[in-house]
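Chains as they are written, first to last, in our numbering: chain A, 1 to 244; chain B, 1001 to 1244.
Report on one structure; see the data block that follows.
2 protein chains.
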Amino acid sequence: MYHKKCVCEYDGSRYSGWQSQIGGNSIQQKIEAALYKLYGEKINIIGSGRTDAGVHALGQVFSFRSEIYRENKAVVFALNTTLPRDIGILSSEDAPEGFHAQFDAKNKTYLYRILNRPARAALDADRVWFRWDNIDAARLNQLLSVLKGSYDFTSFCAAESIKENMVRTINALTAERSGEYINIRINADCFLHNMVRIIVGTAVMLTVKGEDESCMFKILSSKNRTAAGLTAPPYGLYLEKVNY
Amino acid sequence: MYHKKCVCEYDGSRYSGWQSQIGGNSIQQKIEAALYKLYGEKINIIGSGRTDAGVHALGQVFSFRSEIYRENKAVVFALNTTLPRDIGILSSEDAPEGFHAQFDAKNKTYLYRILNRPARAALDADRVWFRWDNIDAARLNQLLSVLKGSYDFTSFCAAESIKENMVRTINALTAERSGEYINIRINADCFLHNMVRIIVGTAVMLTVKGEDESCMFKILSSKNRTAAGLTAPPYGLYLEKVNY
């Protein structure tokens, strides 16, 4: 068997998310259909993780294996020719036997983009969270820094997805203003369901209300989803990079 | 009569261009329809200039007059509520009697974005010109600098649009790399039809071929459209700013 590791980019606006679903319009299904054309056999791909409907990727990674060998240049070229124009393959490489895009991922970086100005987004309508109220990016950054480290992140997990082990490790978490945009970057070994979006929604809420770090710490310590803020919308979120 | 000056942003992908056309799906028509809802009367708007199908705007300006007065905040809010989500109003202000968005414009800046990497655009599919071949942005910048100044730009005008006076003044023209992107900015008092796109297409062609400034100057001097290169695609072009 031959093993591949591919990196892809997509605009998640038109899709039901990464993961295949019955009757679904998922990115995984589009890529598998394109691989079928190239390999002439059904290929199952494994993503580094799911992304929800509307979430984008700058560097999603997936792996697959096949009985036939195809050159990496041919894989990239053939898939990019077949795939819809809002899904693109950035690279393909031969991976070691047993490489698994999900289990072998060491950590991931997500980018969350906020458009912060009086007028709503037009060019970036499906690509940013629009906030008309003035957000202090320095304060947002301070509030977010409370969450760096290893904690039980139950407060920042979709209520229906509670598991046994809710401890996760956030390695980096920053907010930075760039003109009308605020870019939030978060790197963690592994994420809970909706974790980035709940962290962003909560931190923005606290920033706007003028709350300080103790309030963020109280929410974290409560281990209760209802203590945190709203889930920021999916269309501001980008899976930026998966590290192996 | 009351006079207004508005600034708007749009993703031109889904539209036939700025200018109203019979049976057309133009940005001007969408804005006039939204104004009709707000004012209860037919309002004609005047854009600073046309943009072609697929061309975007970060700061298109239009003017109009009305018999009824509306607060600027109400104009922005009402239009942004009615307009399709890929057209947005950034600001509205009261303009002096007789203000004319086209005739009063002093100069305009266009941005042209190239995505320069091996893999085609996915997230930016309708927003950049994808070039897989390595483009030297410094050389591109040098070639473009030949065109700064006042010249007869017949070579860089769509052949069907030749007028009596083909002299235009380019005040600024630069190319700059930003990661995988190359941003070309051009400021001129006034533009010929397809001028920016033909300049970009020609300069990229010369850069890739390794030609030098003398070649660009020869094309300019020939005053002949066939001497220049292809017209770069519309979807990389953004009307960035109109100065008054």
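Glycine residues also receive a C-beta, built at the ideal position from the N, C-alpha and C atoms.
- Item | CA nearest to the CA of B:Ile1043, picked from B:Thr1051, B:Lys1030, B:Leu1058, B:Phe1064 | In the second sequence, residue 1043 of chain B corresponds to position 43, counting from 1. Nearest option by C-alpha distance: B:Phe1064.
- Message: Does chain A have any CB closer than 8 Å to the CB of B:Gly946?
- Response: Since the first residue of chain B shown is 1001 and the last is 1244, residue 946 of chain B is not available in this structure.
- Query: Would a check of beta-carbon distances place B:Leu1239 closer than 8 Å to chain A?
  - Reply: Numbered from its first residue, the second sequence carries residue 1239 of chain B at position 239. Not one chain A Cβ lies under 8 Å of B:Leu1239.
- Message: Between B:Arg1120 and chain A, is any beta-carbon pair separated by less than 8 Å?
- Response: Position 120 of the second sequence, counted from the start, is the residue given in the question as residue 1120 of chain B. Yes, because at least one Cβ of chain A sits closer than 8 Å to the Cβ of B:Arg1120.
- Note down, in chain order, each residue of its chain lying with its Cβ closer than 7 Å to the Cβ of A:Glu213, except the 5 sequence neighbours on either side. For the purposes of this step, residue 213 of chain A is taken as residue 213 along the first sequence, with counting starting at 1. Gln142, Leu143, Val146, listed in sequence order.
- Query: DSSP state of B:Phe1217, grouped into three classes?
  - Reply: Your numbering for residue 1217 of chain B matches position 217 in the second sequence. DSSP places B:Phe1217 in helix when its eight states are reduced to three.
- State the CB to CB distance for the pair B:Tyr1235 and B:Arg1139, rounded to an integer number of angstroms; the pair is presumed to be in contact (CB under 8 Å). One-based indexing of the second sequence puts residue 1235 of chain B at position 235. One-based indexing of the second sequence puts residue 1139 of chain B at position 139. Wrong, their Cβ atoms sit about 24 Å apart, outside the cutoff.
- By a C-beta neighbour count over all protein chains shown, 10 Å radius and 16 as the cutoff for buried, is A:Asn25 buried or exposed? Counted from its first residue, the first sequence places residue 25 of chain A at position 25. That one is exposed.
- Ordered along the chain, which non-local residues of its own chain (more than five positions away) have a Cβ less than 8 Å from that of B:Gly1201? Position 201 of the second sequence, counting from 1, holds the residue named residue 1201 of chain B. Same-chain partners within the cutoff: Ala1228, Gly1229, Leu1230, Thr1231, Ala1232.
- Span of the alpha helix (DSSP H) around B:Ser1145: Sequence index remark: in the second sequence, residue 1145 of chain B carries index 145 (1-based). Counting along the chain, the alpha helix (DSSP H) containing B:Ser1145 begins and ends at 1137-1145.
- Message: Among the candidates A:Ile135, A:Tyr2, A:Cys157, whose CA atom is the shortest distance from the CA of A:Glu176?
- Response: Numbered from 1 along the first sequence, position 176 holds the residue referred to as residue 176 of chain A. That would be A:Ile135, whose Cα lies nearest to the Cα of A:Glu176.
- Query: What did DSSP end up calling B:Phe1077 once you bin it into helix, strand or coil?
  - Reply: What you label residue 1077 of chain B is simply residue 77 of the second sequence in a count that begins at 1. Three-state DSSP puts B:Phe1077 in a helix.
- Query: What residues from chain B crowd round A:Val61, counting only those whose CB sits closer than 7 Å?
  - Reply: Locating residue 61 of chain A in the first sequence gives position 61, where the first residue counts as 1. What A:Val61 touches in chain B: nothing, since even the nearest Cβ is about 14 Å away.
- Query: Quick one: does B:Val1128 have its CB under 8 Å from some CB of chain A?
  - Reply: Along the second sequence, read from residue 1 onward, the residue named residue 1128 of chain B stands at position 128. False, the Cβ-Cβ gap to chain A never drops below 8 Å.
- From the beta carbon of B:Asn1183, is the nearest beta carbon of chain A less than 8 Å away? Here residue 1183 of chain B refers to the residue found at position 183 of the second sequence. Not one chain A Cβ lies under 8 Å of B:Asn1183.
- Using a Cβ cut-off of 8 Å (strictly closer), state whether A:Leu144 contacts chain B. The count along the first sequence starts at 1 and reaches residue 144 of chain A at position 144. It does not; no Cβ of chain B falls within 8 Å.
- Task: Count the C-beta pairs between the segment 1180-1194 of chain B and the segment 1099-1112 of chain B that are closer than 8 Å, then say yes if the count reaches three, no if not.
- Result: yes
- Message: Does A:Phe99 come out as helix, strand or coil in the three-state DSSP assignment?
- Response: As a first step, residue 99 of chain A is located in the first sequence; it is residue number 99 there, counting from the start. Here A:Phe99 sits in coil by DSSP.
- To the nearest angstrom, how far is it from the Cα of A:Asp189 to the Cα of A:Phe103? What you label residue 189 of chain A is simply residue 189 of the first sequence in a count that begins at 1. What you label residue 103 of chain A is simply residue 103 of the first sequence in a count that begins at 1. Going from the Cα of A:Asp189 to the Cα of A:Phe103 covers about 11 Å.
- Task: Could you tell me which residues DSSP puts in a beta bridge with B:Ile1114?
- Result: As a first step, residue 1114 of chain B must be located in the second sequence, where it is residue number 114. Answer is B:Trp1129, B:Ile1182, bridged to B:Ile1114.
- Task: Please determine, among B:Gly1040, B:Phe1062, B:Ser1048, the residue with the shortest C-alpha to C-alpha distance to B:Ile1068.
- Result: Numbered from 1 along the second sequence, position 68 holds the residue referred to as residue 1068 of chain B. Among B:Gly1040, B:Phe1062, B:Ser1048, the Cα nearest to that of B:Ile1068 belongs to B:Gly1040.
- Item | Contact set for B:Asp1152: own chain, Cβ-Cβ below 6 Å, skip 5 residues either direction | For the purposes of this step, residue 1152 of chain B is taken as residue 152 along the second sequence, with counting starting at 1. Taking C-beta separations shorter than 6 Å and ignoring five residues to either side along the sequence, the partners of B:Asp1152 in its chain run Met1166, Val1167, Lys1223, following chain order.
- Using a C-beta cutoff of 8 Å, does A:Asn80 count as contacting chain B? Sequence index remark: in the first sequence, residue 80 of chain A carries index 80 (1-based). Put simply, the CB of A:Asn80 is near chain B, with a gap under 8 Å to one of its CB atoms.
- Query: What is the DSSP secondary structure of B:Ala1010, counted as helix, strand or coil?
  - Reply: On the second sequence, position 10 is the one that residue 1010 of chain B refers to. A small fix is needed here, since residue 1010 of chain B is Tyr in this sequence, not Ala. DSSP, reduced to helix, strand and coil, places B:Tyr1010 within a strand of the structure shown.
- Proximity to A:Phe62 [Cα-Cα], best of A:Gly88, A:Gly54, A:Ala53: The count along the first sequence starts at 1 and reaches residue 62 of chain A at position 62. Residue A:Gly88 is the option with its Cα nearest to A:Phe62.
- Message: If contacts are defined as beta-carbon pairs under 8 Å, then B:Phe1086 and B:Tyr1010 qualify, I think. What distance do you get, rounded to the angstrom?
- Response: Residue mapping note: residue 1086 of chain B aligns to position 86 of the second sequence, counting from 1. Residue mapping note: residue 1010 of chain B aligns to position 10 of the second sequence, counting from 1. The residue asked about is misnamed: residue 1086 of chain B is Asp in this sequence, not Phe. Contact flag correct, Cβ pair sits at about 6 Å.
- Task: Take B:Ala1137 as the anchor and find which of B:Glu1071, B:Cys1006, B:Gly1054, B:Arg1117 has the nearest alpha-carbon.
- Result: Locating residue 1137 of chain B in the second sequence gives position 137, counting from the first residue. When B:Glu1071, B:Cys1006, B:Gly1054, B:Arg1117 are compared, the shortest CA-CA separation from B:Ala1137 is found for B:Arg1117.
- Query: Taking Cβ positions, are B:Ala1057 and B:Leu1239 nearer each other than 8 Å?
  - Reply: Translated into positions along the second sequence, residue 1057 of chain B becomes position 57. Translated into positions along the second sequence, residue 1239 of chain B becomes position 239. Yes.
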